[in-house]
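Counting with numbering that gives the first Met the number 0, you get residues 0 to 264 for the letters of the sequence shown.
Glycine is no exception: its CB is placed at the ideal position from the N, C-alpha and C atoms.
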Amino acid sequence: MRNRGLTWLQALTAHGTAADGFTPSVKVVDSTLGDQKARFIAVVTDENNAFPRARQGEVGLLEGWNLAKAISEVVAQEKESNNKTAIVAVIDVPSQAYGRREEAYGIHQALAAAANAYATARNAGHPVIGLIVGKAMSGGFLAHGYQANRLIALDDEGCMVHAMGKASAARITLRSIAELEKLAATIPPMAYDIQNYSTLGLLWKKVAVTDAQAPTAQDIDTINTVLTEALADIAQDSKRDLSGRLNDGNRRASLDVRQQMAKAW
């Protein structure tokens with residue numbers, strides 16, 4: 000199956016310009032969103048990746064550092080500008096890249112650099128949008144897109160969000176995959192589907208499309224419209240942090256805990 004990240008990146012940036020100087024598994028395209036400049040970024044499959052664990056769209060060493068580069072160079076170039084380029088993370092990442100070489104060479108630093116770059120861009124005034132078009136799993140999601148001002152997801156069964164894959168979660172919890180799925184049906188944070196994830200208050204919008212794997216012209220127009228609406232919503236928000244994610248009804252306990260801790264400290 001073709002990487003959805005690449006499919007949607009190409010669909011949304013048909014008139015954009017591909018940026019040079021990045022590893023083949025990190026695609027960067029400079030385009031526009033509405034009347035604003037935008038840099039679209041996706042992590043894609045690369046069968047020739049020097050690191051075998053990162054050949055299926057995983058976020059590994061090369062990917063982490065290249066994501067950081069793609070974002071940081073825009074932030075540096077526009078440090079004194081009032082017209083900040085929007086950054087759109089097109090997300091379809093099955094996980095971080097697990098491997099001995101990755102651990103030895105500091106994958107934690109590579110992924111942290113990517114996450115920090117997104118957060119730095121957001122705090123510098125760049126509108127950052129995460130568009131989940133496929134899997135958003137594990138450290139891959141934390142490094143690529145989770146730090147966005149607004150998270151948007153396709154309303155499609157192929158979109159999944161979780162801390163780890165089902166097989167790994169089943170081993171960790173000493174359950175079969177069937178037992179894990181049964182448990183997830185009653186505990187939203189344990190579920191993988193985007194419907195349950197949307198109840199946690201982290202998504203800004205969930206958007207239905209006709210074909211998530213091969214988007215139609217109408218699908219592309221729909222997502223472009225939603226992305227443009229997200230830009231406008233970010234522009235109206237005086238806050239650049241992620242506190243808006245705590246406003247959902249299902250996050251009341253989290254908000255209360257934070258408020259009580261703030262009082263205590």
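Restricting to Cα atoms, I'd like to know which of the options is closest to residue i.
i	options	result
Asn249	Ile219, Asp220, Arg54 and Asn195	Asn195
Thr22	Ala183, Asp236 and Ile40	Ile40
Gln212	Pro51, Val132 and Thr185	Val132
Pro126	Leu254, Ser253 and Asp236	Asp236
Asp45	Val89, Asn2 and Lys238	Asn2
Arg121	Trp264, Leu230 and Ala263	Leu230
Ser30	Ala49, Val42 and Ala17	Ala17
Ile4	Ser24, Gly33 and Gly124	One point to set straight first is that residue 4 is Gly, not Ile, in the sequence displayed. For the residues Ser24, Gly33 and Gly124, the minimum Cα distance to Gly4 belongs to Ser24.
Asn97	Val28, Ala10, Ser167 and Ala114	Here residue 97 turns out to be Tyr, not Asn, going by the sequence shown. Selected option, being the one with the closest Cα: Ser167.
Met189	Val206, Lys205 and Ala169	Ala169
Val92	Lys134, Ala207, Lys165 and Thr12	Lys134
Is residue i helix, strand or coil when you go by DSSP?
i	result
Gln55	coil
Arg149	strand
Lys68	helix
His14	coil
His161	strand
Arg38	strand
Lys83	coil
Thr31	strand
Lys238	coil
Ala135	strand
Leu130	strand
Lys181	helix
Ile90	strand
Asp45	coil
Asp154	coil
Lys78	coil
Asp192	strand
Gln259	helix
Val25	strand
Val206	strand
Gln269	The requested residue 269 does not occur in the structure, where the chain is confined to residues 0 to 264.
Gln95	strand
Taking the CB atoms as reference points, tell me whether residue i and residue j lie closer together than 8 Å.
i	j	result
Val136	His107	Reading off the sequence, residue 136 comes out as Met, not Val. No. Outside cutoff.
Gly59	Gln95	yes
Ala37	Thr6	no
Val74	Thr119	yes
Ile171	Ala116	no
Leu199	Pro214	no
Ile128	Leu66	no
Ala147	Leu110	no
Val89	Leu8	yes
Gly63	Ala113	yes
Phe50	Leu61	yes
May I ask whether a heavy atom of the ligand NAD can be found less than 7 Å away from the beta carbon of residue i?
i	result
Gly124	Questions concerning the ligand NAD fall outside what the structure shown contains, since it holds no ligand whatsoever.
Answer with buried or exposed for residue i, where buried requires no fewer than 16 other C-beta atoms within 10 angstroms of its C-beta.
i	result
Glu101	buried
Asn246	exposed
Lys181	exposed
Met159	buried
Arg149	buried
Leu145	Reading off the sequence shown, one finds Tyr at residue 145, where the question assumed Leu. Burial call: buried.
Trp203	buried
Gly139	buried
Glu79	exposed
Asp210	exposed
Gly56	buried
Gly20	exposed
Lys26	buried
Asn47	exposed
Val28	buried
Between residue i and chain C, is the shortest Cβ-Cβ distance under 8 Å, so that the two count as touching?
i	result
Ala85	No chain C appears in this structure, which consists of one protein chain only.
Cβ contact check for the stretch 173–182 and the stretch 148–156: 3 or more pairs under 8 Å: no
Stretch-stretch touch, CB-based, cutoff 8 Å, three pairs: the stretch 187–202 with the stretch 216–223: no
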